[in-house]
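Start counting the sequence shown at 5; every next residue gets the next number (the working numbering).
Even glycine gets a Cβ: it sits at the ideal position worked out from N, Cα and C.
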Amino acid sequence: MIVLSETHQAQLEMLADESGRSPDRVVAELIRREWERYSARQGVCTASDNIAAAREAVEKQLRAAVKGE
C-alpha cells in the first residue's frame with residue numbers, strides 16, 4: 005500500500021478527475037511507466053528496491069504533474 009501525504013492525495017485526486025480514471029488506475033499507470041524506466045536503468049532488482057523505487061517515482065510524478073511539468 006502506498007501512503008500519500010494530504011497534498012499528494014489531493015494531487016492524485018485532481019489527476020484522476022482530469023483523466024476520468026480512478027485514483028488506483030492513475031497510480032498503476034504511473035508505477036508501470038516508472039517501472040519500465042527503472043528496469044531499463046537497473047536491470048534485475050530486489051523486491052524491496054522495486055517497492056522503494058515505485059513509491060519514490062509516483063510521488064515525484066505527482067509533484068511534477070501538479071506543477072504542470
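* Skipping 5 residues on each side, what residues in its chain have a beta carbon closer than 8 Å to that of V62? -> The residues are I6, V31, L34, I35 and E38.
* Look at the alpha carbon of M18 and the alpha carbon of S52, and state the distance between them as a whole number of angstroms. => Per the coordinates, the alpha-carbon of M18 lies some 29 Å from the alpha-carbon of S52.
* Asked: For Q15, does the count of other Cβ atoms within 10 angstroms reach 16, so buried, or fall short, so exposed?
  -> Classification of Q15: buried, given that the 10 Å Cβ count is 16 or more.
* **G24 versus E60 - alpha carbon distance** => So the alpha carbons of these two residues sit roughly 24 Å apart.
* **Straight-line gap, A44 to A68 (C-alpha atoms, nearest Å)** => Their backbone Cα atoms lie some 21 Å apart in a straight line.
* To do: Assign A56 to buried or exposed, taking buried as 16 or more other Cβ atoms, counted over all protein chains shown, within 10 Å of its Cβ.
  => Flag for A56 reads exposed.
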